[in-house]
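Just so we're aligned: the sequence shown equals residues 2 to 174 in my numbering.
In this text, a Cβ means the ideal position worked out from N, Cα and C, and glycines have one as well.
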Amino acid sequence: MAVGRRLAAVALAAAVAALAGCAATGPARPASPPVQRPAPAPAEAGDRLARGKAVLGRLDPAAPQRVLDGYAAVAPDFGRYVLEYPFGDIYARPGLDQRTRLLTAVAALAAIGDSEVPLGNHIRYALNAGCTREEVVETMMQVSVYAGFPRTVKGLAVLEKVLAERGGEPGPR
């Protein structure tokens, strides 16, 4: 188990490094303009939930309520935590654009391996945020180097399933 966690940490670090350097070292290709959104202020007490709902809502308008409803019967606080911490605090930070954050999340979730539901969600969010099918595939290819072929195969299967749901098209849904 410790080896798996170390591999996942290495894969995440490698994915972040690869994504950070891709513009400077990657092949020349037409760059899609980044989606420019004003960076929110650092987290302040009381506004984390609203900010988390807003950030996740931009990626998938129905997702914030789905998260809250999904945990309401068993652990209602957990749904709030999912919105507050990852989306209200981390995804809302300045310093990385949403596309980079989402591709990094896809890489980390694929490297972990047993995360089909969150991986599928984050692939959807990445595609909704303007990431291309090719960028998601290349992210998975990068994962293969650090987390192995079985996790990449599984990640590509999740991507294939998401694309099938969308009629093969990566655009916003």
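Among residues of its own chain, excluding the 5 on either side of Ala64, which ones have a beta-carbon nearer than 6 angstroms to its beta-carbon? Position 63 of the sequence shown, counting from 1, holds the residue named residue 64. Answer for Ala64: Leu57, listed in chain order.
At which residues does the alpha helix (DSSP H) containing Ile91 begin and terminate? Here the question's residue 91 lines up with position 90 in the sequence shown. Where Ile91 is concerned, there is no enclosing alpha helix (DSSP H), given that its DSSP letter is neither H nor E.
Check Leu75 in the structure and name its three-state DSSP category. Stepping through the sequence shown from its first residue, residue 75 is reached at position 74. Looking at the sequence itself, residue 75 is Val, so the reference to Leu does not match. DSSP places Val75 in coil when its eight states are reduced to three.
Helix, strand or coil for Leu120? Go by DSSP, reduced to three states. Stepping through the sequence shown from its first residue, residue 120 is reached at position 119. In this structure, Leu120 counts as helix in the three-state DSSP scheme.
Would you kindly work out how many angstroms separate the C-alpha atoms of Ala51 and Ile113, rounded to a whole number? The residue labelled residue 51 in the question sits at position 50 within the sequence shown. The residue labelled residue 113 in the question sits at position 112 within the sequence shown. Their backbone Cα atoms lie some 29 angstroms apart in a straight line.
Locate the alpha helix (DSSP H) running through Pro151, then write down its first and last residues. The count along the sequence shown starts at 1 and reaches residue 151 at position 150. Taken as a continuous stretch (DSSP letters only), the alpha helix (DSSP H) holding Pro151 covers 150 to 166.
Three Cβ pairs or more, each shorter than 8 angstroms: is that satisfied between the region 99 to 108 and the region 120 to 140? yes
Close Cβ partners of Phe150 (< 7 angstroms) along its chain, the five nearest in sequence each way excluded: By 1-based counting over the sequence shown, the position of residue 150 is 149. Here the set comprises nothing.
Which term fits Gly53, buried or exposed, when burial requires 16 or more other beta carbons within 10 angstroms of its beta carbon? Here the question's residue 53 lines up with position 52 in the sequence shown. That one is buried.
I think Thr153 touches Val144, with their Cβ atoms under 8 angstroms apart; what is that distance to the nearest whole Å? For this step, residue 153 is matched to residue 152 along the sequence shown. For this step, residue 144 is matched to residue 143 along the sequence shown. Their Cβ separation, rounded to whole angstroms, is 5 angstroms, which keeps Thr153 and Val144 in contact under 8 angstroms.
DSSP state of Pro62 mapped onto helix, strand, coil: Within the sequence shown, numbered from 1, the residue matching residue 62 stands at position 61. If DSSP states are grouped into helix, strand and coil, Pro62 belongs with coil.
Limits of the unbroken alpha helix (DSSP H) element including Thr105: Position 104 of the sequence shown, counted from the first residue, corresponds to residue 105. Here the alpha helix (DSSP H) through Thr105 covers 99 to 113.
Buried versus exposed, by CB contacts within 10 Å (16 or more), Pro28: For the purposes of this step, residue 28 is identified with residue 27 of the sequence shown, where counting begins at 1. In this predicted model, Pro28 has a pLDDT of only 49, less than 50, meaning its place in the structure is not dependable; the value taken from the coordinates is given anyway. Counting Cβ neighbours within 10 Å, Pro28 comes out exposed, since fewer than 16 surround it.
Using only alpha-carbon positions, find the residue among Gly168, Ala111, Gln99, Ala55 that is nearest to Val138. Numbered from its first residue, the sequence shown carries residue 138 at position 137. Answer by Cα proximity: Ala111.
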